[in-house]
Amino acid sequence: MLKAIIFDLDDTLLWDRKSIAEAFRTTCEKAAEKVTVDPEKLEERVRAHAEALYPTFQTYEFVSNIGIGTFEGMWGEFLDDGEDFKRLRETVPLYRKQAWFKGLQDVGIEDEKLAEELAKVFPEERKKHVFLYDETIDVLESLKEKYKLIMLTNGSPHLQNTKLSLSPELRPYFDHIVISGAFGKGKPAVEIFQHALDLANVDKAEAIMIGDNPNTDILGACRIGMDSIWINHDDTELEDVTPTYEVSRLREILPLIEERSQQL
């Protein structure tokens, strides 16, 4: 019998990609108010440099282990305990400044002060732009009385809790919230999936994983032997990971969960 549903957070319930896109748009438009620059071109170049720079810092092994993404590094405060988070807090100001400085250079602007300013503007803009998918609350509302709901999210506890504080309607739906940075390992590690199952007091056959990331959400579910539903936002094809079900929108999970419940 299906007893628990495990949800990813970013780009499953929260539309994080849209939030990042809006933060970039507004920050680059503010840059264009100060210098002659194409905001879209600046965004393109800053994104490229952020992605190229992120793996070069000594913190990369740590952020990869718990799943702190490239653009989370561009705005998170990481006010968490521990030496690794302390090192990350010390690293991100330089990372952000370099990404913006190199991006500005690519569009013909050599301005270190502006780069520092934009590196500080972007986090504030990200906090202003918070989006849930249109169906998120309706889906959670329809499931809350029938199943235990678990949130299993990679990242910094401080940053993920910041996201939840910016979307306060989400937290009350969940019986447990598991954040990789607090656990010590991120998805797709089997251990964090087992931890979520243990908290819910269910077996892997009694749970299903819902997520958008095949390399974390779906791979982890496969490794532990749990059913999964992959939300394929971009109509992409998978080669090495096989979800139990595939949908294109969050709301499409409801008939599948009903079907799965009737099978047991």
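With the sequence shown counted from 1, adding 4 to any position gets you the numbering used here. Glycine is no exception: its CB is placed at the ideal position from the N, C-alpha and C atoms. Quantities reported herein were computed from a predicted structural model and do not represent experimental measurements.
Tell me the rounded alpha-carbon separation between residue i and residue j.
i	j	result
residue 250	residue 189	26 Å
residue 209	residue 19	29 Å
residue 61	residue 93	12 Å
residue 248	residue 232	5 Å
residue 29	residue 207	44 Å
residue 6	residue 263	10 Å
residue 41	residue 113	8 Å
residue 63	residue 267	45 Å
residue 196	residue 39	47 Å
residue 170	residue 177	15 Å
residue 104	residue 133	20 Å
residue 66	residue 86	12 Å
residue 187	residue 238	30 Å
residue 194	residue 221	11 Å
residue 102	residue 84	24 Å
residue 258	residue 22	24 Å
residue 148	residue 50	41 Å
Write down the C-beta distance between residue i and residue j rounded to the nearest angstrom, noting that I regard them as a contact closer than 8 Å.
i	j	result
residue 180	residue 154	5 Å
residue 224	residue 192	3 Å
residue 12	residue 157	6 Å
residue 78	residue 52	In fact, because the Cβ distance is near 13 Å, the residues do not count as touching under 8 Å.
residue 211	residue 8	4 Å
residue 82	residue 89	5 Å
residue 146	residue 70	Going by Cβ atoms, the distance from residue 146 to residue 70 rounds to 31 Å, so no, they are not a contact pair.
residue 130	residue 235	Between residue 235 and residue 130 the Cβ distance is about 22 Å, and since that is not below 8 Å, they are no contact.
residue 119	residue 152	So it is not a contact: roughly 47 Å between Cβ atoms.
Tell me whether residue i is buried or exposed, calling it buried when 16 or more other Cβ atoms sit within 10 Å of its Cβ.
i	result
residue 59	exposed
residue 201	buried
residue 253	exposed
residue 168	buried
residue 116	exposed
residue 100	buried
residue 229	exposed
residue 218	buried
residue 244	exposed
residue 98	exposed
residue 31	buried
residue 16	buried
Check your understanding: Should the stretch 37-56 be called in touch with the stretch 106-121, which here means at least 3 C-beta pairs below 8 Å?
Key -> yes
Check your understanding: Any contact of the stretch 29-36 with the stretch 117-130, i.e. 3+ C-beta pairs under 8 Å?
Key -> yes
Practice item. At 4 residues or longer, and completely inside the stretch 151-202: list those alpha helix (DSSP H) runs for me, N to C. Key: 161-170 and 184-187
Review point. Are three or more beta carbon pairs between the stretch 138-148 and the stretch 157-165 nearer than 8 Å?
Key: no
Practice item. Can you check the stretch 97-147 for any alpha helix (DSSP H) of at least 4 residues that lies completely inside it and give the ranges in chain order? Key: 116-132 and 140-147
Point to revise | Length at least 4, wholly inside the stretch 12-40: the alpha helix (DSSP H) runs in chain order | key: 20-38
Point to revise | Unbroken stretches of the alpha helix (DSSP H), 4 residues or longer, contained in the stretch 32-82 | key: 43-57 and 64-70
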